[in-house]
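Structure first, then comments.
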Amino acid sequence: MSVTVRVPAKVNVQLAVGAARLDGFHDLANVFLAVGLYDEVTVTPAEELRITCDGPDAGQVPLDRTNLAARAAIALAGRRGIEPNVHLHIAKDIPVAGGMAGGSADGAGALLACDALWGTGASREELLEICAELGSDVPFSLVGGAALGVGRGERLTALEVGGTFHWVFAMAGRGLSTPAVFREFDRLAEGREIPEPVASADLLAALAKGDADALAATVSNDLQPAALSLFPELADTLAAGRGAGALAALVSGSGPTTAFLARDAEAAEKVAEALRVSGTCGAVRVAAGPVAGATVL
106 MSVTVRVPAK VNVQLAVGAA RLDGFHDLAN VFLAVGLYDE VTVTPAEELR ITCDGPDAGQ
166 VPLDRTNLAA RAAIALAGRR GIEPNVHLHI AKDIPVAGGM AGGSADGAGA LLACDALWGT
226 GASREELLEI CAELGSDVPF SLVGGAALGV GRGERLTALE VGGTFHWVFA MAGRGLSTPA
286 VFREFDRLAE GREIPEPVAS ADLLAALAKG DADALAATVS NDLQPAALSL FPELADTLAA
346 GRGAGALAAL VSGSGPTTAF LARDAEAAEK VAEALRVSGT CGAVRVAAGP VAGATVL
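All residue numbers for the sequence shown refer to our numbering, where the first residue is 106 and numbers rise by one.
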């Protein structure tokens, strides 16, 4: 017997970052949109906890108990007083260390799969509580769709979306560490007042209307200057996408994946092809959103 859960990637259409807190985290206003690039996590009973992974960048995925999928299994098992004796297999398609919450997706997928395999009967609230303990992006990976995340990004409010948005994602040749990007944000922010992070009313209205042009005018990422500081070549990728007709271009989350909003599916394919031949990035993927969160297949 095994259970497989499919979990989507995310793009941050707004990422507003507050000043560093005493605990080292930052308050955020994080508008998430789940998009149709997926990891699949399959759990099977085993004599001990074991993790395997295949797919693009699989060699970069830790196969020990630091993996968020393993941590999710351990957390749920601990609450039920059982051993986390499962084989976790991750079929990887979300970029690793790409700012698209691939690790968080695996954590949410493993949690939902173990809950189903073990029949724990955990409530949605309990699952979300465990997700928040695992990491700031993990709760959204569970729920999907579109949501505003506040606090560290883990406290979610679902958002209305009036249509489908078409995206192109350009993968970089190397990853970026999220903690390193936040440290660079803090360094760049030294000596200036950082406003409280709030969601843009115009952006939320654009999502609700399904208006790609209005969304393009309002997308933002406060971590983008820090990501560009650490990875200056991303500026060339952003320029290539804009030159190919993207309505908006931004670094996805902490990067280094870059995200390009297109008017429709046809325009997205044109932007994708231009990026493929630009020599400024690695793999290029097209995806649309919003899509559902973690789902048992």
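Virtual Cβ for every residue (Gly too), placed ideally from N, Cα, C. On a predicted model such as this, the values are computed, not experimentally measured, just so you know.
Environment of residue i [buried if 16+ CB atoms lie within 10 Å]
{"i": "I156", "result": "buried"}
{"i": "I187", "result": "exposed"}
{"i": "G296", "result": "exposed"}
{"i": "T262", "result": "exposed"}
{"i": "R184", "result": "exposed"}
{"i": "S359", "result": "buried"}
{"i": "V136", "result": "buried"}
{"i": "E289", "result": "buried"}
{"i": "D169", "result": "exposed"}
{"i": "A277", "result": "buried"}
{"i": "L402", "result": "exposed"}
{"i": "S228", "result": "exposed"}
{"i": "L312", "result": "buried"}
Residue of the options minimising C-alpha distance to residue i
{"i": "G346", "options": "A322, A121, V376, A210", "result": "V376"}
{"i": "P284", "options": "T109, F130, P113, P167", "result": "F130"}
{"i": "K197", "options": "D369, E145, A294, M205", "result": "E145"}
{"i": "D369", "options": "R185, V243, E298, D318", "result": "D318"}
{"i": "L320", "options": "R390, L308, G164", "result": "L308"}
{"i": "L333", "options": "E152, V356, A311", "result": "V356"}
{"i": "H194", "options": "D159, G348, G208, Q165", "result": "D159"}
{"i": "L339", "options": "K115, L264, L281", "result": "L281"}
{"i": "V116", "options": "A163, G224, I199, A310", "result": "I199"}
{"i": "A252", "options": "E371, S305, Q329", "result": "S305"}
{"i": "G212", "options": "E230, G254, F245", "result": "F245"}
{"i": "E230", "options": "G224, G214, L247, A215", "result": "L247"}
N- and C-terminal bounds of the beta strand (DSSP E) containing residue i
{"i": "E153", "result": "Counting along the chain, E153 falls outside any beta strand (DSSP E), and DSSP gives it neither H nor E."}
{"i": "L111", "result": "Before going on, a small fix: residue 111 reads as Arg here, not Leu. Where R111 is concerned, the enclosing beta strand (DSSP E) stretches over 108-125."}
{"i": "I195", "result": "191-196"}
{"i": "L402", "result": "Careful: L402 lies outside any beta strand (DSSP E) and carries neither H nor E."}
{"i": "R390", "result": "389-394"}
{"i": "G254", "result": "251-255"}
{"i": "V404", "result": "This structure leaves residue 404 out entirely; the chain is present only between 106 and 402."}
{"i": "L355", "result": "353-356"}
{"i": "A75", "result": "Because residue 75 is not part of the residues shown, which for the chain are 106 to 402, the question remains open."}
Residues near residue i by beta carbon distance below 6 Å, same chain, minus five either side
{"i": "S107", "result": "T147, T149"}
{"i": "F365", "result": "V273, G346, A351, A354, V376"}
{"i": "C219", "result": "V148, A178, L181"}
{"i": "L222", "result": "V108, V148"}
{"i": "T171", "result": "none"}
{"i": "V391", "result": "V273, A373, A377"}
{"i": "H192", "result": "T149, A151, R155"}
{"i": "D128", "result": "none"}
{"i": "A349", "result": "V376, A379"}
Beta-carbon spacing of residue i, residue j below 8 Å
{"i": "G384", "j": "K314", "result": "no"}
{"i": "A275", "j": "C386", "result": "yes"}
{"i": "L239", "j": "N190", "result": "no"}
{"i": "V396", "j": "G204", "result": "no"}
{"i": "F270", "j": "G394", "result": "yes"}
{"i": "L173", "j": "V243", "result": "yes"}
{"i": "V118", "j": "L138", "result": "yes"}
Proximal residues to residue i (C-beta, below 7 Å), its chain only, five neighbours per side dropped
{"i": "P302", "result": "A121, V122, G123, D132, L133, A134"}
{"i": "D291", "result": "A125"}
{"i": "S241", "result": "R257, G258, E259"}
{"i": "A163", "result": "K197"}
Bounding residues of the alpha helix (DSSP H) (the contiguous stretch that carries residue i)
{"i": "T262", "result": "It is not in any alpha helix (DSSP H) - T262 instead sits in the beta strand (DSSP E) that spans 260-263."}
{"i": "F365", "result": "Here F365 belongs to no alpha helix (DSSP H); instead the beta strand (DSSP E) covers 363-367."}
{"i": "G203", "result": "Element bounds for G203: n/a, residue is neither H nor E."}
{"i": "Q329", "result": "329-335"}
{"i": "P244", "result": "243-248"}
{"i": "G348", "result": "339-348"}
Cutoff 8 Å; reference residue i; Cβ partners in own chain excluding five residues on either side
{"i": "Q165", "result": "V201, A202, G280"}
Residue-level contact to chain D via CB, residue i, 8 Å cutoff
{"i": "L339", "result": "The structure shown has no chain D; it contains just one protein chain."}
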